[in-house]
Structure formats: C-alpha cells, structure tokens
Amino acid sequence: MSLFCKRNLSPLQRKSLQKFSGVIGAAAATTILIHDAMEHAHPSPIAIYLLAIVAALPVGALIFIAGRYLARETDEFVRMLVVKALLWGFGVTMVVDTVYSYLAEYAGYGRVNGMLQMLNIDVFCVSAAIALRLMARGYASESPLENEAGRYE
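Using the numbering used here, the letters of the sequence shown correspond one by one to residues 1 to 153.
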C-alpha cells in the first residue's frame, strides 16, 4: 500500500500535511488555553467574544489549507479521495454531536460544559484522517481488473 505513505507523498501533499498538522496542534493548544481562561479567569463579556473569535481562527485556517490543497492537487483520484474523506469526517462529527446533544439535554449528560463542541474540529480531523486511510487502503488492496484482451492491468 503505497498510496499516502509518507515516503511517497508529493511535495504539495507533504507541505499541506505539515501545515495541517501544525494548525491542528495550534487548535488543540488554543482550545485548552481558552477553555482554562473561560473557566478560571472569568473574562469580561468583550473578552469572551474576542476569545471565541480566536478559538475559531484555527478552524478557518484548516478549511483554507484543505481548500488550497484541493485546488492545487492535479490527481483527480486523490482529490476525490480527499473530498470523500472530508465528507465522512463532517458526517461523523454531526452524528457524534447530535447524539451528545440529545444525551446532554434529556439524559443529564451535560456535565462536560460544552467541551464536545470545542472538540468538534478534533473529531472531524480524526474521523476524516481515518476515512482517508481506510479508503486508500481499500483501493490499494483491490485485485487487478481484467481488461478486454483478457490481461490483468
């Protein structure tokens, strides 16, 4: 399985992966720091709005990096896999968020104080990465197809 192995990445893929990884790290750090600031510092209402905007900046950066990568990727097959993985990531995030919201509202599991909503980007990135890896593995492990001449490709 050579598709999406680190040694077989194109320069564009490697550069985009490095940027994506850095922004995910920044998003995790931002989430932790802002959550602690909201819990312990008791900021003013204006500071709360500013912290909420700062928390959304890494999410916007991730969307920008993914869109820029898709616009520059020349391989249609790889682009299709990435788009499918992003859709799977969005779907898993929505399902997890919906289940949690109902449990928090009606079953009394709301003790997390909105932490899941702050971790939505992490759920999205992990589920999209797993989906991409599974799809790439599935396509790489398919048996060769027989062409019209009876030869295997």
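Glycine residues also receive a C-beta, built at the ideal position from the N, C-alpha and C atoms.
Proximity of residue i and residue j at Cβ, strictly below 8 Å
i: A66; j: L86; result: yes
i: A37; j: P58; result: no
i: R72; j: L9; result: no
i: I24; j: V54; result: no
Residue range of the alpha helix (DSSP H) that includes residue i
i: S21; result: P11 to D36
i: A66; result: P45 to R72
Residue i, DSSP secondary structure in three states
i: H40; result: helix
i: Y109; result: coil
i: L119; result: coil
i: D97; result: helix
i: S141; result: coil
i: N147; result: Summary for N147: the model assigns pLDDT 46, below 50, so the residue's position carries little reliability, and this model does not support an answer.
i: M1; result: Reliability of the predicted coordinates at M1 is poor, the pLDDT of 39 falling under 50, and the value obtained from them is presented with this limitation in mind. Here M1 sits in coil by DSSP.
Checklist entry - Any contact of the segment 69-84 with the segment 120-135, i.e. 3+ C-beta pairs under 8 Å? => result yes
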